[in-house]
Structure formats: C-alpha cells, structure tokens
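Enquirer: Each protein sequence line maps, in turn, to chains L and S.
For the record, in the first sequence the residue sitting at position 192 is 192 according to my numbering, with numbers rising by one throughout.
Converting from the second sequence to my numbering requires adding 211 to each position, the first position being numbered 1.
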Amino acid sequence: MNIFRILGDVSHLLAIIILLVKIHRSKSCAGISGKSQILFALVFTTRYLDLFTTFISLYNTVMKVIFLICAYITVYMIYVKFRKTFDSENDSFRLEFLLVPVTGLSFLENHSFTPLEILWTFSIYLESVAILPQLFMISKTGEAETITTHYLFFLGLYRALYIANWVWRYHTEKFYDQIAVVSGVVQTIFYCDFFYLYVTKVLKGKKLSLP
Amino acid sequence: GLHAAGKDEL
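Have a look at this one:
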C-alpha cells in the first residue's frame with residue numbers, strides 16, 4: 001500500500017460521498033446521470049464478487065462493502081426517493097453502446113477464462129467508460145452544478161492517483177496488471193477535458209457552463 | 212499469479 005493508492009481510494013470515497021450529500025441536502029438529483037450510477041453499481045457488483053471467495057485484508061473488505069452500499073443507495077436516491085427530480089430527458093446515452101462492446105471485450109481479452117475472472121475484467125472495462133453518460137449529459141445540457149463538478153473532479157483524481165500507484169508498484173514490486181493499467185489510462189483520458197474546464201472555470205469561482 | 216495481486220486494488 002503506497003501513498004498514491006491510499007489517496008486514490010480516499011479521493012474515490014470522497015467523490016461518492018459528495019454525490020450522496022448533494023442529493024440528500026438538495027433533495028434533488030438534477031444534473032446527475034442515473035445511467036452512470038447504474039453502471040458504477042454494476043461495476044462494483046461484478047468486481048467485488050471475490051468478497052465471497054478470498055479475504056485480502058480488513059481494509060479491502062470494508063472499502064468494498066462501503067462502495068457497494070453507497071452505489072446502491074445512490075441508485076435508490078435517483079430512481080426511487082427523488083425520482084421526480086431526475087432529469088431522464090437529458091440522460092439519454094444509449095447504454096447498449098457501452099455494454100455490448102465491454103461484454104464482448106471481457107470475453108476476448110482476460111487473464112483467464114473463468115466466470116469470476118471474466119466478470120472482474122468486465123468491471124474493469126465497464127468502469128473505464130461508466131462516466132460517459134454523465135459527461136454526455138453535461139455536454140447536452142451545457143452546464144453542471146458546482147457540487148457535481150467537485151464530484152467529477154475527485155472521481156478523476158482517483159483515476160490519476162491510481163496511475164501514479166501503478167508506476168510506483170511497477171518500480172518497487174515489478175508488478176503491473178495490463179488490463180487494469182490500459183483501462184485505467186483510457187478512463188483518465190476521458191477526464192482531461194473536464195479537468196481543463198474545472199481548473200479554468202470552477203476553481204476561479206465560475207459555474208461550469210459550455211459555450 | 213501476477214494478475215491475482217491486482218485484486219488487492221479497489
């Protein structure tokens with residue numbers, strides 16, 4: 001466990017909590033893509049099946065359970081509790097465009113052809129594109145609430161820190177996981193455009209709005 | 212194996 005990994009996990013947790021607090025306080029999920037949140041719940045569900053098969057550490061187990069619970073609470077808030085505030089009109093990204101290629105790829109390119117390993121690979125590939133419905137929604141409406149941009153910032157920061165973690169692990173342990181690294185880099189690239197807007201607009205006190 | 216260690220990440 002290195003500093004990048006810990007900060008990455010903290011940043012990931014913070015992003016998830018920011019989103020939950022935003023929805024809870026404003027009693028609204030306006031501007032949030034329910035589809036992205038469904039994908040994240042699916043990501044955690046398919047990745048953390050090893051909770052039933054292997055014990056890694058208390059930290060690992062507790063974090064996995066927290067992520068799972070938070071993901072399902074978020075989906076529940078959007079589709080049940082605050083359903084009336086959900087902007088389904090603008091959450092129009094076609095999920096099959098992500099799910100079909102991701103499913104196909106996880107069968108083709110995995111570490112071993114076993115159910116758990118294929119599902120783990122599926123979750124890695126799916127996570128790399130799961131934010132696209134959210135980014136699509138923002139580009140469609142042309143704006144995002146500042147708190148939503150903080151959520152995206154910490155989610156992107158988590159990805160960037162994981163890359164630093166892999167560089168560190170490669171140099172210290174000669175460890176790298178090609179599937180995780182390639183997907184992780186792809187995922188981080190999706191945040192670059194957003195990072196630029198966050199730094200040039202949000203951090204200068206302006207609302208994120210697209211021309 | 213090498214990739215199994217990857218599962219310690221979240």
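Every residue, glycine too, gets a C-beta built ideally from N, C-alpha and C.
All of these numbers come straight from a predicted model, not from anything done at the bench.
Taking 8 Å as the CB-CB cut-off, is L/ASN60 touching chain S?
Expert: Looking up residue 60 of chain L in the first sequence gives position 60. By this cut-off, L/ASN60 is an interface position.
Enquirer: Counting pairs of Cβ atoms below 8 Å between the segment 92-99 of chain L and the segment 131-143 of chain L, do you hit three or more?
Expert: Taking 8 Å as the limit for Cβ pairs, the verdict is that the segment 131-143 of chain L does touch the segment 92-99 of chain L.
Enquirer: Does the beta-carbon of L/VAL80 have 16 or more other beta-carbons within 10 angstroms, so that it is buried, or is it exposed?
Expert: To locate residue 80 of chain L, count along the first sequence from 1; it is residue 80. L/VAL80 should be labelled exposed.
Enquirer: Restricting to runs no shorter than 4 residues, where is the alpha helix (DSSP H) found entirely within the segment 113-179 of chain L?
Expert: Complete alpha helix (DSSP H) runs here, min 4: 115-129, 132-141 and 146-173.
Enquirer: Below 8 Å on C-beta distance, what does L/ILE56 contact in chain S?
Expert: Looking up residue 56 of chain L in the first sequence gives position 56. Simply LYS218 and ASP219.
Enquirer: Within 7 Å: the Cβ of L/THR74 and any heavy atom of the ligand PLP?
Expert: Absent from the structure shown: the ligand PLP. Ligands present: none.
Enquirer: Are the C-beta of L/PHE67 and some C-beta of chain S separated by less than 8 Å?
Expert: Start at 1 with the first residue of the first sequence, and residue 67 of chain L comes out as number 67. For L/PHE67, the answer is yes, since a Cβ of chain S falls inside 8 Å of its Cβ.
Enquirer: Whole angstroms is fine: what's the gap from L/THR61's alpha carbon to L/LYS27's?
Expert: Taking the first residue of the first sequence as 1, we reach residue 61 of chain L at position 61. Taking the first residue of the first sequence as 1, we reach residue 27 of chain L at position 27. Their backbone Cα atoms lie some 31 Å apart in a straight line.
Enquirer: Measuring CB atoms only, is the segment 107-116 of chain L touching the segment 2-19 of chain L, in the sense that at least three cross pairs come out at less than 8 Å?
Expert: Because the criterion of three Cβ pairs below 8 Å is not met, the segment 107-116 of chain L and the segment 2-19 of chain L do not touch.
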